[in-house]
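Chains as they are written, first to last, in my numbering: chain W, 274 to 701; chain V, 232 to 774. For reference, the structure discussed in these notes is given below.
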Amino acid sequence: MKAMNRRKLIKVSAVLAAVSLAVTAVPAQAAVGVSSREIKLGMTLPMTGTASLGYNKIPGAAKAYFDYLNKNGGINGRKVKLIVKDDRYVPTEAVAKTNELILKDKVMALLAPLGTANVKAVAASVNPARRGVPVLFINTGFSGFAEKKKYPTTYTVLPSYVMEAKIMGEYIKDNFAGKKIGLLYQDDDFGTDALAGFKTAGVNFAVKVAYASGSQGAAAAAGWITKFKAAEADVVILFGVSSATSAMLGVAAQLKYAPQWMLGSVGGDATTIKLTGVPAGVLYNAIGFSPVPATTDMKDEYVKFFSDIYAKAVPGSTFDLNVLLGMNTAFMTAQALQAAGRNPTRKSLMAAIDSKGASFANSALVPAGYSKTSHVGLTGYWVGKYSPTGDLSPIGGTYVTYTTDSGSGAVVKSTYVRPAMPAKGLPN
Amino acid sequence: MKKVRILSLLSVTALVTTVLVSVPVAANAAPACDGKSPIQSCVGVTSDGAPYAMQVPANFNGTVALYSHGYRYNVDIPAGIPLIGGYKITNTPEPVPGGNADVAKYFFSQGIAILGSGFARQGWNPDSAIKTNVELIDTFKKQFPKTTKVIAWGSSLGGVITQGLAEKYPNLVSAVAPMCMADNVEPQLTGAGDFLWGIKVLFDPTIKAGNYSAGAAGVAESYADLVKVFTVMGKLQGGISTGAWPDTASATGKALAAAGIPVRSALLLLGLMAGIPTQSAHFDSISGPEGALKLSFPLAVSPALAILENGTNAAALAILATQDVEMQAGGAIFDNTKTDYAARVDVERVIFNAALSGNTVIDAMLGALSAANPGAPRAVANSAAVAKMRALHINTGKINVPTVLMVGVADPITPAGASQRLVDLYAEQYAAEKAAAFKAYQTTRDYKTPTNKLLMLWNTTPSSYTKFAATGAPITSIPAAQGTNHCNFTSAQLVLVAKSLVQASSTGKLPSGGALYTAVRKAGNLSIDKGISVPLLKYYGDN
């Protein structure tokens, strides 16, 4: 190569300086899914079909927050665009739709895909890890997804099912000692995690009833009730999806079967349950668990903020647990994008969560476990009871949160202090 | 296009057709050529008795494309056997894939000759076929001394032969394309053996599924197996909707049936254990008919139907290839005494949990199929036969010359994982070449980036493709979807491979960049996305 003469060098330097100035003034093309004007994210989850009930509000909730963010400057001038595809809760369809998001839509990251089987199918067949595609804040509590070595680009957000079962187990030991406990669980990894958690907690069940995913319905529920009745269960834990909880409670109401219900968070959203025709009264005094504040708690600054935005974005739609979680996820994503630098890349996005994710402001009342060595999201729950109208509120009126891990660690009361809401609910 | 050119291309089509039915001359003689123009045709027989055909355009530029056909049964199939009955052994030469006229036209338009034999021995034949090809190249060069470059390509077992040729004789070929390539004999027949074994132990214990007798008796046993397996498949087709197990089910199968386990779940599990794709010609495992089955059909039924369709497609080859290789090796070659089928489906049991009817059912089925259950006796191989099988030609996966791979992601007979293995091995090879280049740079201060020698063309399935009649019944009379079935390529896709080979042969470099993207897009239904990664054959998880 010929040596560059001094005059040319000066010219080139000047041009480079100008380019550099331009870069700081106007966001430049940085990475896949990132243009000077927008950042594209993709989401697959059930928008139609029997499994969609309740969960199909998550994209609208996330979009409501992103729209708010975009109206307030976006992320360094870029608008966040969320592309949503319906996978109907069919794993093979999730694979096809995720491929579309990555190959055709060229999204920067996948956001909040839902369902253990779906996320596992995508991991095996689409292989986001090999492609370096971040899979942010997945909507499944299967503890295995937090294995960073196996799923290096996947970030959990929900507390794991193991954690939830362990915390439920502690509550049972403290409050239902000597009672006969029954368990309804999904006969897959979702249920396997729950069983592991209950085992760690030392819960002995009088009866365990497994249902295969997709088999839940009124006919199946009648059979379940027969088994719980036969075992004379005093407390029945419903550790399944919303459609299983709804089927069980609906049939129980008809048969006037009323044990002490305990609802897992996945199938415990009252709005969703009531939408299936289950009378709210059936839920009364049932015990529930949540990592985020009660959706009716308008004294909570996050709940108030999110519900106000949602009411304007989707008028007439009930602000429920799925909505709150969807908006919370979008809010955390915005902070991750902001922390990923002026020209974010897939790598810098993941690095931002690794280094700062544990301190992201969000509505959860329990800590998150993100670090350079951990992709564990939230780590606990508070315990509540459902009101006569089906609203979940903390027992005794105060949130008492418990935290634990997905291993053999103890369940302890959390001392976590939640970060205050950033100004205007925008990432700093 | 000029009028003359059109006429010339039309004549080419006719000649290609003619070549496929030509009668060869005496073995090891110089080829007999017709001396015609614009395309001269020559036929002959190699020293081992393989009939061959050459077609050389008048504007021959010195490059010849040698094609290796895939597996052909090495026994006649009696007319009474369903689906494949009436087949007669053939060694008709095949100088382009299936006599594809578009491919021949393309080559001739470039001044490139085509060449191919029907091989002397059918069945699993890479050892003899590679030798045949070496002789064929020599014969062609002697007949046409202007020859400077040889492109080699092949389909299915012909892909193995092509890759083997490039590995053993890299100086003979300038670019190669193993298409819908089979894996090496042991991984390939392990997959076949796993599925046949499962069909036997659950659905019809009278199926032999290997360990056939020597000679004609063994051939007769394989015929009997073909009839039994196709009969069971027919019964399973009915059972998928009714839940009923075949009346020929084993005691183990009947026990599972009595426990209320749907037969569709059992069939799906067998397919997953063997690594059979869960998308087939007509079943995408995604679509459902309008109405009540919209969700439950893809979730619970379609994967089993895909296994049924793919398994039926692959069964004949699985039985006949097993019998063939056993004959070559001198005994039983399939052994699953140590196979951990539960580990094999560790991921799949989550993905297809609903179709498999949940963990309790999955564990019951895996328990029934475990080595601990005497009701599902494992197959034991003859160690001497296994050693002999392993002494057959084995490809190492080394890429010596510019190589184009193309495969359907849901090919039921030669799984895409066979090509994935080469992709993975080449990634290691390329990394080593880069490391060596860097090491050399430290001495010479002249860094030479190694040239990429692999282009992977994935023939992908559409995002959804199962069609339903107004009654809700799936339609299976339409053509197979792209990316499914065996070596199911369009002419445009084959021509793209041919063009890539021509370029690589001429320049030493495979197509890349924008030109490649455009060509791939125009060919249709192909992807060169480096992020695509398909599972290797299950054999590799065990070994």
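Glycine residues also receive a C-beta, built at the ideal position from the N, C-alpha and C atoms. All figures in this text were calculated on a predicted structure; none of them were measured in a lab.
- Taking 7 Å as the cut-off, decide whether the C-beta atoms of tyrosine 428 of chain W and isoleucine 626 of chain W are in contact. yes
- Query: Can you list, in chain order, the residues of its chain whose CB lies under 7 Å from that of glycine 522 of chain V, leaving out five sequence neighbours each side?
  - Reply: Take glycine 522 of chain V, set aside five residues on each side of it, and the residues of its chain with a beta-carbon closer than 7 Å to its own are Gly703, in chain order.
- Listing by chain order, which chain W residues have their CB less than 7 Å from the CB of valine 578 of chain V? Lys393, Ala397
- Task: Flag this pair as touching only if the segment 559 to 567 of chain V and the segment 610 to 627 of chain V have three or more C-beta atom pairs under 8 Å; answer yes or no.
- Result: yes
- Counting only beta-carbon atoms, is glycine 322 of chain W nearer than 7 Å to chain V? yes
- Kindly indicate which residue of W:Lys481, W:Val508, W:Gly487, W:Ser486 has the alpha-carbon position closest to the one of tryptophan 497 of chain W. Looking at the Cα atoms, W:Lys481 is the closest of the given residues.
- Below 7 Å CB to CB, which residues in the same chain sit around methionine 620 of chain V once its five sequence neighbours on both sides are set aside? Answer for methionine 620 of chain V: Val416, Glu417, Val556, Ala560, Ile564, listed in chain order.
- Query: When the distance is taken between beta carbons, is serine 743 of chain V closer than 7 Å to alanine 406 of chain V?
  - Reply: no
- Would you mind sorting valine 677 of chain V into buried or exposed? The rule is 16 or more other CB atoms within 10 Å of its CB. Correcting the residue identity first, residue 677 of chain V is aspartate in this sequence and not valine. The residue in question, aspartate 677 of chain V, is exposed, as its Cβ has fewer than 16 Cβ neighbours within 10 Å.
- Message: Within the continuous beta strand (DSSP E) that includes glycine 657 of chain W, where are the two ends?
- Response: 653 to 659
- Applying a beta-carbon distance threshold of less than 8 Å, which residues of chain W neighbour aspartate 781 of chain V? Residue 781 of chain V cannot be examined here, being either before or after the span of chain V that is shown, 232 to 774.
- Can you grab the Cα-Cα spacing for the pair serine 580 of chain W / alanine 517 of chain W, in whole Å? 27 Å
- Message: With the cut-off set at 7 Å, would you say alanine 479 of chain W and alanine 503 of chain W are in Cβ contact?
- Response: No, the pair does not count as a contact, with Cβ atoms beyond the cut-off.
- Query: Using a C-beta cutoff of 7 Å, does valine 581 of chain V count as contacting chain W?
  - Reply: yes
- Item | Residues that cysteine 273 of chain V bridges to, as DSSP identifies them | V:Cys264, V:Met285, per the DSSP bridge assignment.
- Message: Is it buried or exposed, tyrosine 672 of chain V, if we count other Cβ atoms within 10 angstroms and call 16 or more buried?
- Response: Looking at its Cβ environment, which holds fewer than 16 other Cβ atoms inside 10 Å, tyrosine 672 of chain V is exposed.
- Residues in the segment 580 to 609 of chain V having any Cβ partner in chain W nearer than 9 Å: Arg580, Val581, Ile582, Phe583, Asn584, Ala585, Ala586, Leu587, Ser588, Gly589, Asn590, Thr591, Val592, Ile593
- Item | CB contact flag (valine 380 of chain W, leucine 314 of chain W, <7 Å) | Yes; because the gap between Cβ atoms is below 7 Å, this pair is in contact.
- Assess, as a yes-or-no matter, whether the segment 566 to 580 of chain W is touched by the segment 683 to 694 of chain W under the definition of 3 or more beta carbon pairs within less than 8 Å. yes
- Which value, in whole angstroms, describes the spacing of the CA atoms of phenylalanine 394 of chain W and glutamine 374 of chain V? Sequence inspection shows alanine at residue 394 of chain W; the phenylalanine mentioned does not correspond to that position. Between alanine 394 of chain W and glutamine 374 of chain V, the C-alpha separation is close to 55 Å.
- Report the neighbours of aspartate 460 of chain W on chain V: residues whose CB is nearer than 9 Å to its CB, in chain order. Asn584, Ser588, Gly589, Asn590, Thr591, Val592, Ile593
- Message: Using the Cβ count rule (16 or more neighbours within 10 Å means buried), how would you classify lysine 761 of chain V?
- Response: exposed
- Say whether chain W places a C-beta atom closer than 7 Å to the C-beta of proline 646 of chain V. no
- Where the alpha helix (DSSP H) containing glutamine 468 of chain V begins and where it ends: 446 to 473
- Message: With H, G and I counted as helix, E and B as strand and the rest as coil, what does DSSP make of aspartate 577 of chain V?
- Response: coil
- By Cβ distance, which residues of its chain are closer than 6 Å to serine 386 of chain V, with the 5 residues on each side in sequence left out? Gly301, Pro328, Met410, Cys411, Cys718.
- Task: Enumerate in chain order the residues of its own chain whose CB-to-CB distance from proline 324 of chain V is below 6 Å, with the five nearest sequence positions on each side excluded.
- Result: In the same chain as proline 324 of chain V, and ignoring 5 residues on each side of it, the C-beta atoms closer than 6 Å to its own belong to Pro282, Tyr283, Ala284, Gly347, Ser348, Gly349, in chain order.
- Message: Could you tell me the alpha carbon to alpha carbon distance between alanine 385 of chain W and valine 392 of chain W, rounded to whole angstroms?
- Response: CA-CA distance, alanine 385 of chain W to valine 392 of chain W, rounds to 10 Å.
- Message: For the beta strand (DSSP E) containing leucine 536 of chain W, name the first residue and the last one.
- Response: 533 to 536
- Query: When DSSP builds the beta bridges, which residues end up paired with glutamine 459 of chain W?
  - Reply: W:Tyr484
- Message: Within 7 Å of any Cβ in chain V, is that where the Cβ of proline 364 of chain W sits?
- Response: yes
- Taking C-beta pairs closer than 8 Å, name the residues in chain V that threonine 389 of chain W reaches, listed in chain order. Val581
- Query: Do the CB positions of valine 463 of chain V and aspartate 435 of chain V come within less than 7 Å of each other?
  - Reply: yes
- Query: Are isoleucine 343 of chain V and alanine 408 of chain V close, meaning C-beta to C-beta below 7 Å?
  - Reply: no
- Task: Could you spell out where the alpha helix (DSSP H) holding glycine 542 of chain V opens and where it closes?
- Result: 533 to 560
- Query: Does serine 259 of chain W have its Cβ less than 7 Å from a Cβ in chain V?
  - Reply: Absent from the structure is residue 259 of chain W, since the part of chain W shown begins at 274 and ends at 701.
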